[in-house]
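If you read the sequence shown in our numbering, its first letter stands for residue 117, the second for the next number, and so on. Quick reminder that beta carbons are idealized off the backbone N, C-alpha and C, glycines included. None of the values given here were measured: they were computed from a predicted structure. One structure is given below, encoded as structure tokens.
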Amino acid sequence: MLTTTPGFDRIGEENAFAVLAKANALAAQGRDIINLGIGQPDFPTPSHIVEAAVKALRDGHHGYTPATGIPQLREAIAADMTMRSGVDTSPDDILVVPGGKVTMYLAIILFGEPGAEILYPDPGFPIYRSMIEYTGATPIPIPIKEENGFAFSPDDVAERITDKTRLVIINSPANPTGGVTPPDDVRRLVEILNQHPNVAVMSDEIYSRMTYDGLPHVSLASFPELRDRLILLDGFSKTYAMTGWRLGWSLWPKPLYDKVRKLAVNAWSCVNAPTQYAGIAALTGPQDDVTRMVEAFDDRRKAVVAALNALPGVSCATPKGAFYAFPNIKETGWKAKALADALLTETGVALIGGPDFGTLGEGYVRVSYAAAKDRILEAMGRMGDFLEKRA
Ligand code: PLP
117 MLTTTPGFDR IGEENAFAVL AKANALAAQG RDIINLGIGQ PDFPTPSHIV EAAVKALRDG
177 HHGYTPATGI PQLREAIAAD MTMRSGVDTS PDDILVVPGG KVTMYLAIIL FGEPGAEILY
237 PDPGFPIYRS MIEYTGATPI PIPIKEENGF AFSPDDVAER ITDKTRLVII NSPANPTGGV
297 TPPDDVRRLV EILNQHPNVA VMSDEIYSRM TYDGLPHVSL ASFPELRDRL ILLDGFSKTY
357 AMTGWRLGWS LWPKPLYDKV RKLAVNAWSC VNAPTQYAGI AALTGPQDDV TRMVEAFDDR
417 RKAVVAALNA LPGVSCATPK GAFYAFPNIK ETGWKAKALA DALLTETGVA LIGGPDFGTL
477 GEGYVRVSYA AAKDRILEAM GRMGDFLEKR A
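Next comes the structure, spelled out in structure tokens:
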């Protein structure tokens with residue numbers, strides 16, 4: 117019998133990958149599957165980014181890079197952060213990581229231990245809770261409510277901070293709800309966080325470029341007073357349609373930077389070199405593809421919300437960001453995961469049950485609209501037929 121450390125018996129996962137595997141297996145059997153489950157842009161990576169990686173390989177960039185990332189990439193990231201936050205950002209505070217997820221892993225293992233409390237959104241990205249459980253810290257859910265537009269409520273955060281709180285995780289625009297915390301609430305949230313100077317904050321802003329209806333994204337990095345305890349998570353996966361490249365980055369407070377740098381040296385040495393060159397091209401090259409992708413998501417968002425609201429028993433608030441809709445299915449009489457399973461096996465439509473994102477996700481399903489519009493509408497048609505037959 118091999119005995120592993122106890123954290124591994126508590127670790128969870130991301131069911132979107134299991135649904136993807138099941139959807140792919142059904143497709144391999146010849147079924148016509150519409151995948152609205154996985155959260156990844158359906159666009160290819162823009163060609164100038166691909167070309168930069170190919171050129172890097174041809175130019176002989178085959179070796180290790182600095183563990184923190186190649187200087188040019190960190191400079192490009194810092195310049196982008198300075199521009200978007202309005203606060204001067206040094207490349208020395210930027211860590212290049214293999215995918216956005218790695219930052220949450222680092223932040224949570226830095227602060228999680230038995231006796232510590234970590235606040236995280238529920239429903240929210242499932243890896244937050246999984247990693248908190250792994251460390252033995254107590255996960256404290258922050259309720260993310262439909263009646264509040266799926267935004268963070270500053271009061272709900274304030275009520276949950278105790279003297280055991282070590283880390284607060286914020287995510288806007290949000291997965292799985294598409295909620296965006298409006299500027300006034302972000303400011304109130306910062307006021308509350310300012311009252312707790314010993315609590316670290318991880319702001320997951322991986323969907324920062326995707327807000328709609330003119331609602332601005334306000335980065336927590338734009339508040340200089342937070343910078344000494346703010347960990348900002350961002351990356352290339354969603355903005356530049358680069359999920360498979362595994363490239364992300366994070367901003368760290370100075371006292372934490374050297375700790376995570378050492379962990380990078382211990383764990384992965386560096387992100388592969390050609391991918392980092394692709395990252396430079398992404399940030400410093402033309403941004404028209406990003407604009408085009410966001411416009412396409414916006415168009416699909418409107419179509420999917422209208423189609424969802426026409427389904428029997430379904431009501432869907434209009435998401436303000438990311439590329440997810442989180443319709444309320446309570447009136448259909450179905451439990452969310454049972455509905456998601458039945459839809460996949462019986463109609464070939466893959467989506468994710470709300471409970472995969474936390475206990476408050478019951479009664480909802482997540483629909484990723486990062487798919488072609490005609491396929492989204494075809495999926496909505498199949499869902500409508502199914503719900504009418506099986507009401
Ligand atoms: N944070 C959120 C909220 C996400 O939805 C995702 C991916 O789905 C990530 C982080 C991780 O991104 P990456 O694929 O770059 O690891």
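Beta-carbon proximity check, residue i vs residue j, cutoff 8 Å
| i | j | result |
| --- | --- | --- |
| glutamate 229 | glycine 128 | no |
| valine 306 | valine 284 | no |
| proline 435 | threonine 293 | yes |
| leucine 427 | glycine 474 | no |
| phenylalanine 241 | asparagine 291 | yes |
| proline 237 | asparagine 287 | yes |
| alanine 454 | glycine 477 | no |
| tryptophan 365 | aspartate 350 | yes |
| alanine 397 | methionine 197 | no |
| leucine 372 | leucine 235 | no |
| threonine 448 | glycine 429 | yes |
| alanine 232 | lysine 171 | no |
| threonine 219 | alanine 357 | no |
| serine 335 | arginine 200 | yes |
| valine 203 | proline 332 | no |
| alanine 438 | proline 289 | yes |
| alanine 456 | valine 481 | yes |
| arginine 276 | isoleucine 256 | yes |
Unbroken alpha helix (DSSP H) run spanning residue i, endpoints
| i | result |
| --- | --- |
| aspartate 457 | 452 to 458 |
| alanine 172 | 163 to 174 |
| methionine 358 | Run containing methionine 358: none; DSSP gives neither H nor E here. |
| serine 246 | 242 to 251 |
| leucine 189 | 187 to 201 |
| aspartate 272 | 270 to 276 |
| aspartate 158 | Taken as a continuous stretch (DSSP letters only), aspartate 158 belongs to no alpha helix (DSSP H), as it is neither H nor E. |
| valine 135 | 131 to 144 |
| phenylalanine 227 | 217 to 227 |
| aspartate 490 | 489 to 505 |
| aspartate 374 | 370 to 383 |
Opening and closing residue of the beta strand (DSSP E) in which residue i lies
| i | result |
| --- | --- |
| valine 421 | Unbroken run through valine 421 is the alpha helix (DSSP H), 404 to 425; no beta strand (DSSP E). |
| arginine 126 | Looking at the DSSP string, arginine 126 is not in any beta strand (DSSP E), and its letter there is neither H nor E. |
| asparagine 287 | 281 to 287 |
| arginine 482 | 481 to 484 |
| threonine 254 | 254 to 259 |
| tyrosine 236 | 233 to 238 |
| glycine 364 | 364 to 367 |
| alanine 316 | 316 to 320 |
| valine 213 | 210 to 213 |
| aspartate 350 | 346 to 351 |
Supposed contact pair residue j and residue i - C-beta distance, whole angstroms, cut 8 Å
| i | j | result |
| --- | --- | --- |
| glycine 153 | tyrosine 440 | That belief does not hold up - the Cβ atoms of glycine 153 and tyrosine 440 are roughly 11 Å apart, past 8 Å. |
| glycine 464 | isoleucine 150 | 6 Å |
| alanine 223 | isoleucine 347 | 5 Å |
| aspartate 158 | alanine 488 | 6 Å |
| leucine 493 | valine 483 | Not really, about 12 Å apart at Cβ, beyond 8 Å. |
| alanine 380 | alanine 183 | 4 Å |
| isoleucine 186 | alanine 394 | Contact flag wrong, Cβ pair sits at about 11 Å. |
| methionine 496 | alanine 423 | 4 Å |
| alanine 267 | aspartate 301 | 6 Å |
| tryptophan 583 | valine 376 | It is not possible to answer for residue 583, since the shown part of the chain is limited to 117 through 507. |
| glycine 295 | glycine 252 | About 29 Å separates the two Cβ atoms, so there is no contact after all. |
DSSP beta-bridge partners of residue i
| i | result |
| --- | --- |
| asparagine 310 | DSSP output for asparagine 310 lists no bridge partner at all. |
| asparagine 151 | Ala466 |
| asparagine 388 | DSSP output for asparagine 388 lists no bridge partner at all. |
| glycine 477 | Partner(s): none; glycine 477 has no beta bridge. |
| alanine 441 | Val483 |
| threonine 327 | Gly437 |
| serine 431 | Asn444 |
CB contact below 8 Å: residue i versus chain B
| i | result |
| --- | --- |
| proline 187 | Protein chain content of the structure displayed is limited to a single chain, and chain B is not contained in it. |
Next item on the list: Take every Cβ of the segment 211 to 218, pair it with every Cβ of the segment 413 to 420, and state whether three or more of those distances are shorter than 8 Å.
Entry: no
Check: Is the segment 124 to 139 touching the segment 243 to 262, taking contact as three or more C-beta pairs under 8 Å?
Finding: yes
Check: Pairing CB atoms from the segment 177 to 194 with CB atoms from the segment 373 to 390, are three or more of them under 8 Å?
Finding: Yes, the segment 177 to 194 is in contact with the segment 373 to 390.
Margin query: Would the segment 452 to 467 count as touching the segment 259 to 273 if we require 3 or more Cβ pairs under 8 Å?
Written below: No: fewer than three Cβ pairs fall under 8 Å.
Next item on the list: Tell me, please, whether the segment 468 to 487 touches the segment 324 to 334 by the rule of three or more beta-carbon pairs shorter than 8 Å.
Entry: no
Notebook entry, point to check: Counting Cβ pairs, one atom from each stretch, are 3 or more of them under 8 Å apart for the segment 256 to 266 and the segment 395 to 415?
Noted result: no
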